[in-house]
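All remarks here apply to the structure that follows.
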Amino acid sequence: MSEHNLNLGRTQFGDVANDGRLMTMEDAHGLLKEWVSNEKLQLHMKQVAALMKAWAFEKESSDEATSHAWELAGLLHDADWEKYPDTHCKMIIEELERRKIDPVVIHCIASHGPKYFGVEPESMMDKMIYVFDELSGFIHAASLIRPTGYEGMDVKSVLKKLKTLSFAAQVNREDITDAIGRIDQSLEEIIQFILDHQKNVQ
Ligand SMILES: [Fe+2]
């Protein structure tokens, strides 16, 4: 989620001296619980975290530490959305800077909505959080109106729903097109990847 128009006014995040400094998933989940009471929002972040981790492992052949960084960015990208709706993104960025977290993770979180935060996705990690954010939520919304949930849900039905602008109208289709345009994979491939990897996230 990134519907607020809060230009961060900067494109450098964190301190290179903190390269490779991550937090444990236990600490990240602790922060999430402290800042987010809305279970739907928690689930959204857990889903994006699972997608980021799976993508790093499967598509980027990342090692354990890099996949952990991808997962962390996914899990915390909307952590300040509920508590600080007017300054969403700024607060979690500052919190992670205070905690001396790897700038790669912070830049990734800052680039999950280029139109809103004024930060262009640069790395593949940045580009994928932007790709997954809206689409993950959209696909989850689509699963909720199906009697069988994710079971039997296919790419075709998701594409059809995307064209139905009245469905999940808050999901900006232009952002999805823009995000997909920045990577080499097709929309169909990404939808399939999301269907395969987020259905069991709880
Ligand atoms: Fe999000």
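Residue numbers -2 to 199, in my numbering, belong to the letters of the sequence shown in order.
Just so it is clear, CB atoms sit at the ideal spot from N, CA and C, and this is done for glycine as well.
Between ligand 1 and valine 101, a heavy atom-to-CB distance of less than 7 Å is absent. Put simply, the region 127 to 140 touches the region 156 to 172. At least three CB pairs are less than 8 Å apart. Judged by beta-carbon spacing, aspartate 83 lies beyond the 8 Å limit of leucine 38, meaning their Cβ atoms are not closer than that value.
Only residues of its own chain outside the window of five on either side were considered, and among them Lys97, Ile98, Asp99, Pro100 have a CB closer than 7 Å to the CB of asparagine 15, listed in chain order.
Aspartate 193 sits in a helix when the DSSP states are folded into three classes. Excluding the 5 residues flanking it on each side, lysine 124 has same chain C-beta neighbours closer than 6 Å at Pro118, Arg179, Ile180, in chain order. Judged by the Cβ position, valine 45 qualifies as a neighbour of ligand 1 at the 7 Å threshold, a heavy atom of the ligand being closer than this. Annotation for leucine 38: the continuous alpha helix (DSSP H) segment containing it runs 36 to 56. The shortest CA-to-CA distance from methionine 122 to any of Ala70, Cys86, His194 is the one to Ala70. Counting the other Cβ atoms within 10 Å of the Cβ of glycine 17 gives fewer than 16, which makes it exposed. Looking at Leu48, Ser154, Leu73, the one whose alpha-carbon comes closest to that of asparagine 197 is Leu48. In this structure, histidine 74 has its CB closer than 7 Å to one or more heavy atoms of ligand 1.
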